[in-house]
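Numbering (the numbering used here), first residue to last: 29 to 383.
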């Protein structure tokens, strides 16, 4: 097992190298650059000072090394990253003129909290939903229609709604004094908006609250973003849970357990459910990066000052340093999640051995 872990960690290095090159090339070939965008934003001041815009662009491009060929830029960036990575120095933001590490540290807590709650809810809800649906697959018509077919339709609807559409719908419905114009009107009292605010992490006067009230205010602001981020992954995992359990209920070891006279509850919960969880452990490695990607949309829609919103702003401003740093952090988290999923699978399944 130790050799396998060392081998996987060693393989992460060329993987990260390839990811960094792809990200570096994509953002360099994208239209626009941070220097031109920032100089255009300073157009009024330059006109007053009689400045030369083209000369200023060339000067700043030279300062950041953006006037050199892309392969040269990549090698220089790689050298800076290799030297500064162990010091926690990922460079300075081109647009904000601040250390990237400092800006990420200020916002990463929100993203971690959002994704951790979403991942926890996904598994806590998906497993029971899939279990109830699978158990009633061959029940009487009424129970099958309600628990299996009904949950299947609900899961399909949840999976079909894009996160950006769901988030905007929740904002429209729960916004203070808001209503849907047209054929459908949604009226609600103002206290509903107080319970479920639609933006930010805290109210304006939250600093004056007590500790518990401050925590409660943060929880209220997280409700709608967590719902938006969780719905898609919950639908997928519930479907996977149902399919996996149905497959295991048809296995020979389940028939053997029933033939021995074990209670149905023991057969399902002790034997079948345990093996049904194995695919869900494997999929965890892919759910985490999907949640991280979804947090970009969710944080932007709900104005949450996390890494997702920071990444979106960096893309709009073509802040190369910030984009590369956040992409690299996301890649590291994904690779670590894949390694942990493999190790966890080996821990719960005695058939899996990494020699």
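Here a beta-carbon is modelled for each residue, glycine too, at the ideal position from N, C-alpha and C.
Since the structure is predicted, the reported quantities are computational estimates derived from the model, not experimental observations.
- Taking 4 residues as the minimum length, the alpha helix (DSSP H) runs contained wholly in the region 222–284 are 239–277, in order along the chain.
- Rounded to the nearest whole angstrom, the CA to CA distance from residue 132 to residue 116 is 11 Å.
- Under a 10 Å Cβ-count criterion, residue 57 is classified as exposed, with fewer than 16 other Cβ atoms of the shown protein chains found around its own Cβ.
- Per DSSP, the continuous alpha helix (DSSP H) segment holding residue 57 begins and ends at 30–57.
- Just measuring C-alpha positions, the residue of 322, 351 and 129 sitting nearest residue 50 is 351.
- When DSSP assignments are scanned along the region 298–337, the uninterrupted stretches of alpha helix (DSSP H) that are 4 or more residues long and fall wholly within it turn out to be 301–329.
- Residues 126, 127, 128 and 349 of the same chain have their beta carbon placed closer than 7 Å to that of residue 120, with the five preceding and five following residues left out of the count.
- Checking the DSSP bridge columns, you'll see residue 156 has no partner listed.
- Beta-bridge annotation (DSSP): residue 190 is not paired with any residue.
- Residue 120 carries a strand assignment under DSSP once its states are collapsed to helix, strand and coil.
- In the DSSP assignment, residue 127 is bridged to 120.
- For the pair residue 227 and residue 314, the CB atoms are not nearer than the 7 Å cut-off.
- Contact between the region 260–268 and the region 284–301 is absent: fewer than 3 CB-CB pairs across the two stretches fall below 8 Å.
- The Cβ atoms of residue 300 and residue 282 lie closer than 7 Å to each other.
- With 16 or more other CB atoms across the displayed protein chains lying within 10 angstroms of its CB, residue 362 is buried.
- Assigned with DSSP and collapsed to three states, residue 291 falls in coil, not helix or strand.
- Cβ atoms of residue 141 and residue 333 stay farther apart than 8 Å, at about 12 Å.
- Contact between residue 154 and residue 269 holds: CB atoms are separated by about 5 Å, below the 8 Å threshold.
- Across the set 165, 46 and 87, the C-alpha of 165 shows the shortest separation from the C-alpha of residue 278.
- Going by C-alpha positions, residue 91 is about 30 Å away from residue 324.
- Taking the CA atoms as reference points, residue 52 sits about 17 Å from residue 63.
- Taking C-beta atoms as the reference points, residue 372 and residue 309 count as a pair closer than 7 Å.
- For residue 83, the enclosing alpha helix (DSSP H) starts and ends at 81–91.
- Taking a contact to require three or more Cβ pairs closer than 8 Å, the region 338–346 and the region 38–46 do not qualify as touching.
- Ranked by how close their Cα comes to the Cα of residue 83, the residues 189, 162 and 67 have 67 in first place.
- In this structure the region 172–179 lies against the region 156–164, because at least three pairs of beta carbons, one per stretch, are closer than 8 Å.
- In this structure, DSSP gives residue 172 a helical state, which the three-state scheme calls helix.
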